[in-house]
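The structure appears below as C-alpha cells.
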Amino acid sequence: MQKILLIGSGGSGKSTLARELGARLGIDVHHLDALLWKPNWTPATRQEQIATQSALIERDSWIIDGNYGGTLDLRVDAADTIVFLDLPRTVCTYRVLKRMLKYRGKTRPDMGPGCEERFDPKFLKWVRSRSDQPFYNVYTNLNPKKTLFSCVHGPRSVVS
C-alpha cells in the first residue's frame, strides 16, 4: 500500500481516515479539496485539476482523498489501493451539517485557503443523491490487481 485513494460521499470520513493512515504509514496526504479550490470557492479549471493530479500520482507514494468524478480515472488507474467509504446518506448528511456548524466562517484544515465553511444547499443535495456519483461505478471498472477496501456502516461494520 503505497498509493492509496480514498473515495466516498461527502461526510463519509475520507479526510479523517486519510490523516490517520498518513500518520500511521508515514505517507504524505493530499486532500483534493485543498488543491482544487481557490479562494472564495473558485474551482480549478479542468486543465489545472489534471495537471495537479498528474503530478501527484507520479510520486512513489501518496494518500489522496476526494472524488472529483471528472478526473477519478487518473487516480483509480494509478492507485494500488482504493478505500471506498460507503456510509448511509443520513450519517453523511449529519456529519456534513455538523462540520458546517463547527467550521462556519473558518477554513477547514483539509480545504484550500480562502474557502470558509458555509451552509451550501447544493453540496447537501449532492451528499443526499450519492447514487448518481461516478465513484459508485469504480467496482465495475476496477483492475483486479488493485486492492479494494469497502468500508460500510452498521451494527457489524466491516472492512473487506
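All the letters of the sequence shown, read from the start, carry residue numbers 587 to 746 under our numbering. Each residue gets a CB set at the ideal place from its N, CA and C atoms; glycine is no exception.
Where do the ends of the alpha helix (DSSP H) carrying residue i lie?
{"i": "Gly655", "result": "First-last for Gly655: undefined, no H or E at that position."}
{"i": "Lys708", "result": "Pro707 to Arg714"}
{"i": "Gly608", "result": "Lys600 to Leu611"}
{"i": "Ser640", "result": "Arg632 to Ile643"}
{"i": "Asp614", "result": "Where Asp614 is concerned, there is no enclosing alpha helix (DSSP H), given that its DSSP letter is neither H nor E."}
{"i": "Thr676", "result": "Arg675 to Tyr689"}
How far does the beta strand (DSSP E) with residue i in it reach, from first residue to last?
{"i": "Thr667", "result": "Thr667 to Asp672"}
{"i": "Lys589", "result": "Lys589 to Gly594"}
Applying the 10 Å Cβ sphere with the 16-neighbour rule, what's the burial state of residue i?
{"i": "Ile590", "result": "buried"}
{"i": "Tyr654", "result": "buried"}
{"i": "Ser640", "result": "exposed"}
{"i": "Asp659", "result": "exposed"}
{"i": "Ser598", "result": "buried"}
{"i": "Lys600", "result": "buried"}
{"i": "Gly656", "result": "exposed"}
{"i": "Ser595", "result": "buried"}
{"i": "Gly652", "result": "buried"}
Among the options, which one has its Cα closest to the Cα of residue i?
{"i": "Phe705", "options": "Asp696, Met697, Leu687 and Leu621", "result": "Leu687"}
{"i": "Ala665", "options": "Arg675, Ser647 and Asp672", "result": "Ser647"}
{"i": "Gly700", "options": "Arg632, Trp623 and His616", "result": "Trp623"}
{"i": "Phe670", "options": "Ile593, Met587 and Arg690", "result": "Ile593"}
{"i": "Gly698", "options": "Cys678, Leu621 and Arg690", "result": "Leu621"}
{"i": "Lys708", "options": "Arg645, Glu644 and Thr679", "result": "Thr679"}
{"i": "Lys563", "options": "Arg675, Glu634 and Thr693", "result": "Because the chain in this structure spans residues 587 to 746, residue 563 falls outside the shown range and cannot be described."}
Can you give the beta carbon distance from residue i to residue j, rounded, assuming they're within the 8 Å contact cut?
{"i": "Ala604", "j": "Ile649", "result": "5 Å"}
{"i": "Val682", "j": "Val713", "result": "6 Å"}
{"i": "Leu642", "j": "His617", "result": "Their Cβ separation, rounded to whole angstroms, is 11 Å, which puts Leu642 and His617 out of contact at 8 Å."}
{"i": "Asp619", "j": "Asp696", "result": "6 Å"}
Could you confirm whether any beta carbon from chain C is found closer than 9 Å to the beta carbon of residue i?
{"i": "Arg685", "result": "Of the protein chains in the structure, only one exists, and it is not chain C."}
**Message:** Closer than 8 Å is the cut-off here; do at least three beta carbon pairs connect the region 593-607 with the region 622-629?
**Reply:** They do not touch, by the three-pair rule.
**Message:** Could you check whether the region 669-689 touches the region 608-616, counting it as contact only if at least three pairs of C-beta atoms, one from each stretch, sit closer than 8 Å?
**Reply:** Under the Cβ criterion (8 Å, minimum of three pairs), the region 669-689 does not count as touching the region 608-616.
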